[in-house]
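To start, the structure under review is shown below, and the notes come after it.
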Amino acid sequence: MKVKGTFLFVIIAAIAMITFSYLKKGAEQKQTMAELEQAKLEEAQKALRTDASRFKGRIKIGLDNFLGYYPIRSKHMQIEMLQDGFQLDFNDDGGDYAQRMKMLESGELDFAVFTVDSYILNAAPKFSGQIVMVISESKGADAIVVNKSITKVNDIKSITATLNSPSHQLIKASIIDFGLNDLKSNIIPADGSSAALKSLLEGKTEAAVLWEPDVSTALKDDRFKTLISTKSTSKLIVDILVASDNVVNNQPEKLEALLKNYFPTLRHFQKNKNILSQEFQKDAALTKVEADKIIDTIAWKSLQQNATYWFGIRSKNVKRPEFKIIETIDLTNDVLIKFGDFQKSPLPVGGAFQLLSSKQLAKMHEKQTSGQIINPDENFFERLSPAEWNSLDPVASLQIPPIKFKPGTKSFSEQGKLDIKNLKNILNRYPRYRLGIEGHTSTRGNAQLNTELSQQRADAIRNYLIETYKIPATRIKATGLGPSRPLERTPDMSYREWMNKLPRVEFNLLEEVY
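End of the sequence shown = 518 in our numbering, gap-free, step of one.
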């Protein structure tokens, strides 16, 4: 028995040593990565000091510690800007939007980060500054956290929140949408999300509106739960970058440099989520699980998404751009009026369009769509996971003549090869987009066999592009959808004509995360 006990003790000790060694190695790797970024930053700062001719000036940005703003204030971004001749300075006001707006108006700040609601509240009626970019949309990063004794939002008698902030906007929308008129006069002011969290943890309030990382911190305590979060909302809390009037009118080079370096920085973090997670852990004292969870609650907006979906910028690839930023401003304005912040719309006579400046964004987008990528890397089309492929947005459907296959096979004709050559030429004209190939079949026959055939045909085209024209394999995704997505049958289309059009291969240019 003594021998067995000694043997068991040795095994446990060995496991403990291995575990400790593994954790220590992981900690050392994180520390090394952080130290490497710091060393790069110091080297770039030194290089700029010793070569004054390259120094173009300082750019001061007003923001707070919300992790959605981390890419713009990261060391990676600072290094990129230094190499471009600009020193980035940040003013963390802890969520004091009124002060942030005053500093933007006075010229003390070149840029300031706001949510759409906080910008309208603090900029009206003068509306100094112009919206130049959408940074992110909250998808769970803001939440109403309550004591578990509260079962529904209607049970909340009072709530702690940071006034004139995203937290306040979430409460306002809830009061309007759920008829919580009594709660309107029972909002307890807090000096930021961390202060609201403190009140919740100390039992001074039964409910609080928090933003990350405070939401995750609160949920570690078994006493609390999330009642409502922005995970289930749309266009409610949208973070924007506002440039001062002086920058827009007199110093456009600052805006150009900021956008030019921000989107590659964002791409860097989206391509390397493990690095972003590690930096979140260090920045906000989070565990890996907490950091990864927060990353999933923030929907950062790429250059393509900004241009195509938010600012309605037209291009030869996009026939129907959207103006989500206009919709967001109008929806936010409606909430503020109904809540009583304004008696009537505070927006300029020209409407929400008067608040935007998209010239630099359009210029950047034109460079991207024409293949003039900023800061290109040698291995541009890195391998993507299935989830990353699914996150890419189609920017254009390519009008390729139907590629004919021999019935029931994956073999295409000589004419099909010429059509694929045309597809190759299009890819060469747009060298920074990925390609999605979708195979479809008719609705007749065995669905599983049809799906397999559609996958084989999509793969055949993909392989031909790779083998014949040396298109990077990591640039193309082939998907067989079988009969699952039949074409819509128009009223003037006969049944026979419709059935003949169902077997097809469709091609989409996909946005490279950028």
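Cβ coordinates follow ideal geometry from the N, Cα and C atoms, glycine included.
For residue i, count neighbouring C-beta atoms within 10 Å of its own C-beta (all shown protein chains included) and say buried if the count is 16 or more, exposed if not.
i    : result
R433 : exposed
G449 : exposed
A116 : buried
W215 : buried
D300 : exposed
N126 : buried
W314 : buried
K6   : Because the pLDDT at K6 is just 44, under 50, the model does not fix this residue reliably, and the point stays unresolved.
L497 : The displayed chain sequence assigns Met, not Leu, to residue 497. By the 10 Å Cβ count, M497 comes out exposed.
D381 : Caution is warranted here: a pLDDT of 45 is assigned to D381, below 50, making its placement in the model unreliable, and no coordinate value can be reported.
P193 : exposed
T336 : buried
G412 : exposed
Give me the DSSP bridge partner(s) of residue i.
i    : result
Q91  : R62
E510 : E442
N151 : F228
I192 : T164
H137 : Here the sequence assigns Met to residue 137, which means His is not the residue at that position. Bridge partners of M137: L245.
D96  : L67
S142 : I302
F409 : F416
What are the boundary residues of the alpha helix (DSSP H) that includes residue i?
i    : result
K229 : Run containing K229: none in the alpha helix (DSSP H); it sits in the beta strand (DSSP E), 228 to 233.
L204 : 197 to 205
V242 : Segment 242 to 247 is the beta strand (DSSP E) holding V242; no alpha helix (DSSP H) there.
W502 : 499 to 505
F182 : 170 to 182
V117 : Segment 115 to 119 is the beta strand (DSSP E) holding V117; no alpha helix (DSSP H) there.
I470 : 451 to 473
G420 : 418 to 433
I317 : Segment: none, I317 is in no alpha helix (DSSP H) and carries neither H nor E.
Y74  : 74 to 77
Taking the beta strand (DSSP E) that residue i belongs to, which residues open and close that run?
i    : result
F131 : Run containing F131: none; DSSP gives neither H nor E here.
T483 : 480 to 486
R438 : 438 to 444
V399 : 398 to 401
V213 : 211 to 215
W304 : 302 to 304
My assumption, with CB atoms under 8 Å, is that residue i sits in contact with residue j. Please give the rounded CB distance.
i    : j    : result
F248 : G354 : For the sequence presented, residue 248 should be read as Ser rather than Phe. About 20 Å separates the two Cβ atoms, so there is no contact after all.
S198 : D225 : So it is not a contact: roughly 15 Å between Cβ atoms.
T445 : L457 : 6 Å
I317 : A366 : 5 Å
L439 : L513 : 7 Å
L92  : I65  : 7 Å
E294 : V399 : Not confirmed; about 34 Å, so no contact.
K60  : F90  : 5 Å
L402 : L427 : 7 Å
At least one CB of chain B closer than 7 Å to the CB of residue i: is that the case?
i    : result
V213 : The displayed structure is made up of one protein chain only, and chain B is not part of it.
Quiz item: Is the stretch 480 to 493 in contact with the stretch 454 to 464, if contact means three or more CB pairs nearer than 8 Å?
Solution: Counting Cβ pairs under 8 Å, three or more are found: they touch.
Quiz prompt | Segment contact flag, the stretch 167 to 176 with the stretch 130 to 140, C-beta cutoff 8 Å, min 3 pairs | solution = The stretch 167 to 176 is not in contact with the stretch 130 to 140.
Quiz item: Using 8 Å as the Cβ pair cut-off and three pairs as the minimum, do the stretch 235 to 250 and the stretch 137 to 155 touch?
Solution: Remark: three or more beta-carbon pairs, one from each stretch, lie closer than 8 Å, so the stretch 235 to 250 and the stretch 137 to 155 are flagged as touching.
Quiz prompt | Given 8 Å, three or more beta-carbon pairs between the stretch 503 to 518 and the stretch 395 to 412 | solution = Between the stretch 503 to 518 and the stretch 395 to 412 there are three or more C-beta pairs closer than 8 Å, enough to call the two in contact.
Quiz item: Is there contact between the stretch 345 to 362 and the stretch 177 to 192, where contact requires at least three CB pairs shorter than 8 Å?
Solution: They do not touch, by the three-pair rule.
Quiz item: For the stretch 200 to 211 against the stretch 145 to 164, are there 3 or more C-beta pairs whose distance is under 8 Å?
Solution: The stretch 200 to 211 makes contact with the stretch 145 to 164; the number of CB pairs closer than 8 Å reaches 3 or more.
Exercise. Give a yes or no on contact between the stretch 86 to 103 and the stretch 284 to 294, applying the rule of three or more CB pairs nearer than 8 Å.
Key: With a cut-off of 8 Å, the stretch 284 to 294 and the stretch 86 to 103 do not count as touching, because too few Cβ pairs lie within range.
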